[in-house]
Structures are given as structure tokens and as C-alpha cells.
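In this note's numbering, the protein residues as written are 19 to 110.
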């Protein structure tokens with residue numbers, strides 16, 4: 019869905035393989051601040067967060083009960099300065 023000022027609405031979904039209590043979506047779009055990215059648990063056990071993102075490349079990860087996790091469904095990934103990988107989403 020295209021929104022005002024060239025922003026696109028994106029729904030991020032994390033489906034945990036094991037029980038978890040808290041999942042946050044953290045990335046360049048929220049200055050890697052977990053408090054701004056708390057995801058909502060769904061009835062099916064998944065966690066979701068909807069954001070409006072401007073065009074460009076955005077790096078992100080999930081913070082699952084305090085542990086950094088890549089998005090297993092991300093089509094793109096890139097190495098970061100910590101020696102691990104970030105998930106990428108490109109908005110046109």
C-alpha cells in the first residue's frame with residue numbers, strides 16, 4: 019500500500035520456532051532502538067509490526083528475548099561491523 023510522501027507500508031512478521039515472550043523489530047529505520055519496535059503477538063504465535071518506510075535500503079534484525087536474530091525470510095542480507103549479518107529490505 020502506497021502512502022503519503024512516498025512511504026510504503028510494510029508488515030514485518032517473525033514466526034518463532036521456540037517459545038518466546040518478547041520480540042522487537044530493530045533497524046536503521048528506528049535508530050536500532052528496541053523500545054520503538056515492539057512487535058505484537060498474534061493468535062497463531064507469530065509476531066507482527068507494521069511500519070511506513072521511505073524509499074531506500076533498510077537494515078534490520080529481530081531482538082527475541084534479548085537475542086539478535088536475522089529475519090529467516092529476508093531475501094537480502096549484508097554483513098555488519100559486528101561480524102554478523104543484518105537483514106535488508108529495499109523500498110522503491
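C-beta: ideal position from N, C-alpha, C; glycine also.
Burial state of residue i, where buried means 16 or more other Cβ atoms lie within 10 Å
i, result
"residue 30", "buried"
"residue 89", "buried"
"residue 80", "buried"
"residue 47", "buried"
"residue 65", "buried"
"residue 40", "exposed"
"residue 42", "buried"
Residue i versus residue j - alpha carbon distance
i, j, result
"residue 61", "residue 54", "22 Å"
"residue 49", "residue 76", "11 Å"
"residue 57", "residue 74", "22 Å"
"residue 67", "residue 106", "16 Å"
"residue 38", "residue 83", "6 Å"
Selected residue, minimal CA-CA separation from residue i, among the options
i, options, result
"residue 104", "64, 44 and 69", "44"
"residue 108", "36, 86, 72 and 100", "72"
"residue 86", "92, 78 and 93", "78"
Residues that residue i bridges to, as DSSP identifies them
i, result
"residue 103", "97"
"residue 79", "44"
Item to check | Residue ranges of each beta strand (DSSP E) within the region 27-56, 3 or longer | outcome: 41-45
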